[in-house]
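S.K.: Take this structure first; my questions come after.
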Amino acid sequence: MNNEEERHLVTRAKVDPEAFGELYRRYVDRIYNYHYRHTSSRVEAEDLTSRTFYRALRSLEGYKETGAPFQAWLFRIAHNLVVNWYRDSTSHPTVSIDIDDPLPLPSAMPNPESWLTAAETRRALVKVIESLPEERKTLIILKFVERMSNVEIGEVMGKTEGAIKALYHRTLISLKKIMREGSADVQAVE
Amino acid sequence: MFKRSSERYVVIQDYVPLHEQHAIERAVVTVLTPVRPSDGFVDQLGYDLTEEARKQYEARQRYVSKALRIFGFVGGGLASVIGGIAIWLLVHRDDRVARPSRPQARAQRQAAVSPG
Numbered sequence: 020m021n022n023e024e025e026r027h028l029v030t031r032a033k034v035d036p037e038a039f040g041e042l043y044r045r046y047v048d049r050i051y052n053y054h055y056r057h058t059s060s061r062v063e064a065e066d067l068t069s070r071t072f073y074r075a076l077r078s079l080e081g082y083k084e085t086g087a088p089f090q091a092w093l094f095r096i097a098h099n100l101v102v103n104w105y106r107d108s109t110s111h112p113t114v115s116i117d118i119d120d121p122l123p124l125p126s127a128m129p130n131p132e133s134w135l136t137a138a139e140t141r142r143a144l145v146k147v148i149e150s151l152p153e154e155r156k157t158l159i160i161l162k163f164v165e166r167m168s169n170v171e172i173g174e175v176m177g178k179t180e181g182a183i184k185a186l187y188h189r190t191l192i193s194l195k196k197i198m199r200e201g202s203a204d205v206q207a208v209e
Numbered sequence: 178m179f180k181r182s183s184e185r186y187v188v189i190q191d192y193v194p195l196h197e198q199h200a201i202e203r204a205v206v207t208v209l210t211p212v213r214p215s216d217g218f219v220d221q222l223g224y225d226l227t228e229e230a231r232k233q234y235e236a237r238q239r240y241v242s243k244a245l246r247i248f249g250f251v252g253g254g255l256a257s258v259i260g261g262i263a264i265w266l267l268v269h270r271d272d273r274v275a276r277p278s279r280p281q282a283r284a285q286r287q288a289a290v291s292p293g
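The listed protein sequences derive, respectively, from chains C and W. Reminder that position 86 of the first sequence reads as 105 in our numbering, one-by-one numbering, no gaps. Reminder that position 70 of the second sequence reads as 247 in our numbering, one-by-one numbering, no gaps.
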């Protein structure tokens, strides 16, 4: 579906429940995945996903096309809920990393793909990503999984494109250091 | 002394070369495989949302039609009052035009009574 078709669908969804249902089916997997990557819990992800769409339904009448695509608007709602979840939840993963086995990394910067050969190291990387601060994790998910542009990510996170670029590079440096050192402490590289 | 621009600014690209950026990206994408919600959850939420949307639209339509009725009632009442006033003014203006003013009437009467 191209942008023009989506724009028509959004306009129709303001007055037609079936059109809203179509929008929902189009985005539910991605919104769920976004929440799951933040919460690491299916129950929490389901809860946040349903709240995202209910909030979108309530706010859709006031939605105005401002150049940013609809997905940025929807992900912004999801992002705001995630930020609240981090603030309110006492059970979300802490920033420090708890990896049982030390990572079998060579001392020089390895090829990150070869670094992932073992399932253990994959799990370790997941833990590293999970343990990133909320802002960096959001950026990683939107950039690498959702394939959003820096402008769109800026719309979602309420930041300028320049701020997103800077955050992206800081996040990459941080990830590179973790992968190089095999360190279990993210905060050490912050 | 002033430094050259290349000395003053840290070039981020030096820290994470492009090929490493791509490698990190591929590594992240490899481990962050999409997690899908269960079909039951998707169907149930979809049904609930469509119902909620239907209720919301119906409520909005009821609100709009109620607002239109009130507007019509108030607007109609106002139009009636204004119309009534306008008609009353028109009728009485005709009366005033038809009936001469008092000094004129007195002058006419005196003219009729006097012999010359």
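Where a beta carbon is used, it is the ideal one built from N, C-alpha and C, also for glycine.
In or out: residue 47(C) buried (at least 16 other Cβ within 10 Å) or exposed?
M.R.: Taking a 10 Å sphere around the C-beta of residue 47(C), we find 16 or more other C-beta atoms and assign the residue as buried.
S.K.: Which class does residue 177(C) belong to by DSSP, given the choice of helix, strand or coil?
M.R.: coil
S.K.: Check the Cβ-Cβ distances between residue 213(W) and every residue of chain C, and say whether any is below 8 Å.
M.R.: yes
S.K.: Quick one: list the residues of chain C neighbouring residue 218(W), beta-carbon separation under 7 Å, in chain order.
M.R.: 65
S.K.: Measuring alpha carbon to alpha carbon, tell me which of 191(C), 199(C), 198(C) ends up nearest residue 194(W).
M.R.: For residue 194(W), the nearest C-alpha among the options comes from 191(C).
S.K.: Any contact of the segment 181 to 198 of chain C with the segment 139 to 155 of chain C, i.e. 3+ C-beta pairs under 8 Å?
M.R.: Contact between the segment 181 to 198 of chain C and the segment 139 to 155 of chain C is present: three or more C-beta pairs spanning the two stretches fall below 8 Å.
S.K.: Closest to residue 216(W) by C-alpha separation, out of 145(C), 26(C), 51(C), would be which residue?
M.R.: 51(C)
S.K.: Is the beta carbon of residue 172(C) less than 8 Å from the beta carbon of residue 162(C)?
M.R.: yes
S.K.: Is it buried or exposed, residue 26(C), if we count other Cβ atoms within 10 angstroms and call 16 or more buried?
M.R.: exposed
S.K.: Report yes if the C-beta distance between residue 100(C) and residue 71(C) is below 8 Å; otherwise report no.
M.R.: yes
S.K.: With H, G and I counted as helix, E and B as strand and the rest as coil, what does DSSP make of residue 84(C)?
M.R.: Looking at residue 84(C) - three-state DSSP - the assignment turns out to be coil, as it is neither helix nor strand.
S.K.: Just mark residue 113(C) as buried or exposed, buried being the case when its beta carbon has 16 or more other beta carbons within 10 Å.
M.R.: Model confidence at residue 113(C) stands at a pLDDT of 46, short of 50, so the residue's coordinates are unreliable and nothing is read from them.
S.K.: Can you name, in chain order, every residue of its own chain whose Cβ lies under 7 Å from the Cβ of residue 92(C), other than the five neighbours on each side?
M.R.: 82
S.K.: Against residue 69(C), what residues of chain W qualify as contacts under a CB-to-CB distance less than 7 Å, listed in chain order?
M.R.: 222
S.K.: Assuming contact is defined by CB atoms lying nearer than 8 Å, are residue 223(W) and residue 43(C) in contact in what I supplied?
M.R.: yes
S.K.: So which residues on chain C does residue 193(W) lean against when the C-beta distance must stay under 8 Å?
M.R.: 188, 191, 192, 195
S.K.: Residue 210(W) by DSSP, collapsed to three states: which one?
M.R.: coil
S.K.: According to the neighbour-count rule (16 or more other Cβ atoms, all chains shown, within 10 Å of its Cβ), is residue 240(W) buried or exposed?
M.R.: exposed
S.K.: In three-state terms, what does DSSP make of residue 152(C)?
M.R.: coil
S.K.: Using CA coordinates, which residue listed in 185(C), 158(C), 39(C), 95(C) is at the minimum distance from residue 228(W)?
M.R.: 39(C)
S.K.: Buried or exposed: where does residue 106(C) fall if 16 or more other Cβ atoms within 10 Å of its Cβ makes it buried?
M.R.: exposed
S.K.: Mind listing the chain C neighbours of residue 230(W)? Cutoff is C-beta to C-beta under 7 Å, in chain order.
M.R.: Result: 36, 39, 76.
S.K.: Should residue 143(C) be labelled buried (16 or more other beta-carbon atoms within 10 Å of its own) or exposed?
M.R.: buried
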